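Position 211 of the sequence shown, counting from 1, maps to 210 under numbering that gives the first Met the number 0, and the rest follow consecutively. For glycine and all other residues, C-beta sits at the position ideal for the given N, C-alpha and C. The structure displayed is predicted, hence computed values, not measured ones.
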Amino acid sequence: MNRSVSVYGRPYYAQNENIPISGATRHGMNKGNHMSTSTGFNRRSFLQSAGLTALAGASGGVALTGSVSAQAAGSTHIPMKGGRYDFDTVYDRRNTNTARWDGPSRDYPEGVFRYGMGVATMDFECAPCITEALTARVQHHTWGYMASTDGLRDGIIKWNGERHGLDLDPRELVISDGVYPGMIAALRTLVPRNNKALIMSPAYSGFYSMVKAARIDSVDSPMTLKNGRFEIDWADLERKMTPDVRVLILCNPQNPTGNVWREDELLRLGRLALEHKIVVLSDEIHGDFVRKGHRYVPFATLKDQAVVENSITCNAISKTFNLAGMKNAYFYSKSPVLLERVKQYHRAELSTLGVVANEAAYAEGQDWFNQARDYIDGTHDLVEKTVKAKMPQVGYVRNEGTFMTFLNFGKVIDAIDPGELAQYGGKTREENFQDWLTYKAGVYVNAGSVYGEGSDGYMRMNVASARSVVSGALDAIAGAIKGL
Ligand SMILES: Cc1ncc(COP(=O)(O)O)c(C=O)c1O
């Protein structure tokens, strides 16, 4: 690894899902569900302890061999093959202070953790146009304040217009340094203390930390699994639209369940919210990741002006191009009044390199992204086939979008001796299973319990990796749960 930065750097940032806050917890921030140092229990050192090493050893611990380490390609450039980007060659991200790989590896004894299939970043080498633009900018050796973000603004408008039919005026757009800051500003603006945000769960764990940061409450409306799809429980949702609910947090497409919301569903949600005087806060960061046969409908393109004007959308291409570390996002509203109100609570500090990287992605990254999206679509098929063939006791939910998959391990968890699971000391059985699986299979996935109500037994797996890594991880899981 010739481009490594500080290894295991600290502190980690609290805002993102499942990234530890220094010394606190490595699990996602769910209301009442996170572990703090004030409990006096240091789970990290517990997991590192000899007792659990012995436990893993006794039941057949994992050796550090296999696809990840064997095929690690380092940080050298992976050339195209026949005009196609090569997503099959493994791009080794370890020891670059990356949350997905270097985060969990700190928590387990050497040799236990092998596959980082958690935090929602992609393992692929980024689009070459991004590295080229950054390299060119770095040749100019000064780093003072930037004059303008007009280029970025143009890129956002063009991308959304051409790809998603969204007509945005620059005045409707606010540049931000993450989806989090925009969402938190909107929550602070629109939800007074002791009032609530309504969340259709299972939902992105970060929503619960945003709610916490805004010092408000939230209420979940759990979706129900019907014919293999998570569906909105409309009666429950409406029942929960009480006068103290001021905002509906929408995740379009939905992380972690993979729903790509249809126009009719969005309209119905929008009209219900309007009727109950609830503003729709739509997080559309996964919007570009839509599988064949589905279409991402930006909430602001709905054909009901009153519904659209009752919404704010937060977005970024940090998922699209794997640019989360470049701190760049935006939010917009077709209601100038709403937008002005939210702006009062928002301030973003962008970095020059982040702007350069994002501008390049918007301007020249289309082809790379289209290929990456199609590759991941195929990987989802591979996951579906493998899960159904090799682990029939695991429930598969077909994704419509995102690069995550939400698997139901309920039966597997039930089959493990509760005493054995409890040894891991987690708050929930999914957290304990997360450790169990890391010890038994070397595979780290996210515990369903951080995604709110309706997530019992589920684990979220990131599939944005070379297929050999995804297959290796799935085979390791299948091996570990076989015979339970
Ligand atoms: C739905 C959703 N919103 C927001 C974020 C984080 O966005 P940002 O890094 O721009 O704050 C994530 C990251 O996984 C996400 O899945």
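Distance check for residue j and residue i, CA to CA, integer angstroms please.
i      : j      : result
Asp376 : Pro108 : 34 Å
Arg267 : Met458 : 29 Å
Ala305 : Leu337 : 13 Å
Tyr329 : Ile174 : 4 Å
Asp303 : Asn321 : 33 Å
Gly164 : His293 : 15 Å
Thr385 : Gly150 : 44 Å
Arg466 : Met79  : 17 Å
Arg136 : Val355 : 8 Å
Val469 : Val190 : 41 Å
Gly22  : Asp106 : Any answer about Gly22 is weak, because its pLDDT of 30 lies below 50 and its placement is not dependable; what the coordinates show is given next. Between Gly22 and Asp106, the C-alpha separation is close to 11 Å.
Val393 : Leu483 : 12 Å
Phe86  : Asp366 : 13 Å
Asp474 : Arg152 : 44 Å
Asn568 : Thr75  : Outside the displayed span of the chain (0 to 483) sits residue 568, for which this structure offers no information.
Asp122 : Tyr331 : 29 Å
Ile20  : Gly81  : Unreliable placement is indicated for Ile20, whose pLDDT of 29 sits below 50; the coordinate value is still reported in the next sentence. If you take the alpha carbons of Ile20 and Gly81, they lie about 44 Å apart.
Gly160 : Leu167 : 7 Å
Lys410 : Trp233 : 28 Å
Arg113 : Val444 : 11 Å
His140 : Asn314 : 31 Å
Tyr374 : Thr319 : 13 Å
Ala362 : Gly117 : 29 Å
Phe229 : Arg83  : 35 Å
Val89  : Glu124 : 9 Å
Restricting to Cα atoms, I'd like to know which of the options is closest to residue i.
i      : options                           : result
Thr312 : Glu383, Met403 and Val178         : Val178
Asn115 : Thr437, Asp87 and Gly205          : At residue 115 the sequence reads Gly, which differs from the Asn that was named. It is Thr437.
Leu197 : Val118, Thr300, Leu236 and Leu266 : Leu236
Tyr144 : Phe405, Leu352 and Asp455         : Leu352
Ser350 : His275, Phe368, Gly227 and Met325 : Met325
Asn309 : Lys333, Asn327 and Gly110         : Lys333
Glu358 : Ile155, Asp219 and His139         : Ile155
Thr148 : Ala272, Met390 and Leu172         : Leu172
Glu274 : Ala347, Arg238, Glu262 and Asn254 : Arg238
Asn194 : Val244, Val210, Ile231 and Gly227 : Val244
Tyr295 : Arg261, Val411, Leu271 and Asn314 : Arg261
Lys481 : Tyr361, Arg152, Ala446 and Ala388 : Ala388
Gly418 : Lys410, Arg428 and Gly409         : Arg428
Asp287 : Thr141, Gln370 and Met390         : Gln370
Gly269 : Thr300, Met121 and Ala323         : Thr300
Val382 : Arg152, Met460, Gln138 and Thr97  : Met460
Asn327 : Arg340, Ala347 and Arg192         : Ala347
Lys276 : Ala362, Leu247 and Glu264         : Leu247
Glu430 : Asp413, Asp416, Val341 and Ser448 : Ser448
Gly181 : Arg340, Leu271 and Arg99          : Arg340
Assuming residue i and residue j are in contact, meaning their beta carbons sit under 8 Å apart, how far apart are those beta carbons, in whole angstroms?
i      : j      : result
Gly425 : Tyr207 : 17 Å between Cβ atoms; not a contact.
Thr401 : Pro252 : 5 Å
Val442 : Ala463 : 15 Å between Cβ atoms; not a contact.
Gln343 : Thr188 : 7 Å
Ala202 : Ile183 : Contact flag wrong, Cβ pair sits at about 16 Å.
Ser281 : Phe298 : 4 Å
Ala119 : Met403 : 6 Å
Ser200 : Asp219 : 4 Å
Ile77  : Gly364 : Not confirmed; about 16 Å, so no contact.
Gly453 : Met222 : 6 Å
Phe405 : Thr256 : 5 Å
Val289 : Val259 : 5 Å
Met209 : Leu186 : 6 Å
Phe408 : Leu420 : Wrong, their Cβ atoms sit about 12 Å apart, outside the cutoff.
Compute the minimum distance between the beta carbon of residue i and the heavy atoms of ligand 1, and state whether it is under 7 Å.
i      : result
His345 : no
Asp282 : yes
Asn254 : yes
Val178 : yes
Ala328 : yes
Cys250 : yes
Tyr374 : no
Tyr457 : no
Tyr203 : yes
His139 : no
Ala135 : no
Ala323 : yes
His285 : yes
Ala196 : no
Ser217 : no
Ser317 : yes
Ala360 : no
Ala126 : no
Ala299 : no
Ala119 : yes
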